[in-house]
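Visitor: In my numbering, the protein residues as written are 50 to 182.
Every residue gets a Cβ at the ideal spot worked out from N, C-alpha and C, and that includes glycine.
Keep in mind it's a predicted model, so treat the numbers as computed, not measured.
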């Protein structure tokens, strides 16, 4: 049975979107991935779309979502390092990845963040496959 994972940050326009996309691409056999933010935002940031496309992931159709759009309960909650507290989101396992937000920085910062997130998602997938989560 797949584990439901929610990636959460403030605007759901950058890091959490990347994490959701990587989880869907790399771990669709073990994860049902979602992402959301605590504040409304108009779009997934264009640099995110660009750097994910460079990595072979099409972000077309992705849009920022709020916590209210997540399933009522998830197995795994991953926060991105923005001190997001989600007391209304029950989960069995929680991690904070402590990632710096590249918003407003050079495109290279987005690429670095993309690659760090890919590695963290791969680690998470391995934990799930090994029944460590």
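I'd like to check one pair, residue 71 with residue 166: are the Cβ atoms closer than 8 Å?
Guide: The residue labelled residue 166 in the question sits at position 117 within the chain shown. The residue labelled residue 71 in the question sits at position 22 within the chain shown. Contact: yes.
Visitor: Please report the residue range of the beta strand (DSSP E) in which residue 84 lies.
Guide: Within the chain shown, numbered from 1, the residue matching residue 84 stands at position 35. Start and end: 80-86.
Visitor: What separation, rounded to the nearest whole angstrom, lies between the Cα atoms of residue 105 and residue 122?
Guide: The count along the chain shown starts at 1 and reaches residue 105 at position 56. The count along the chain shown starts at 1 and reaches residue 122 at position 73. Note on geometry: alpha-carbon atoms of residue 105 and residue 122 lie some 30 Å from one another.
Visitor: By alpha-carbon positions, which one of 139, 140 and 169 ends up nearest to residue 146?
Guide: Walking along the chain shown from the start, residue 146 turns up at place 97. Among 139, 140 and 169, the Cα nearest to that of residue 146 is on 169.
Visitor: Hey, quick one: how far does the alpha helix (DSSP H) through residue 189 stretch, first residue to last?
Guide: Outside the shown range of the chain, which is 50 to 182, sits residue 189, and nothing can be said about it.
Visitor: Who are the near neighbours of residue 128 in its chain, counting only those whose CB is closer than 6 Å to its CB and skipping five residues on each side?
Guide: Translated into positions along the chain shown, residue 128 becomes position 79. Excluding residues within five positions, the ones whose Cβ falls inside 6 Å are 57 and 145.
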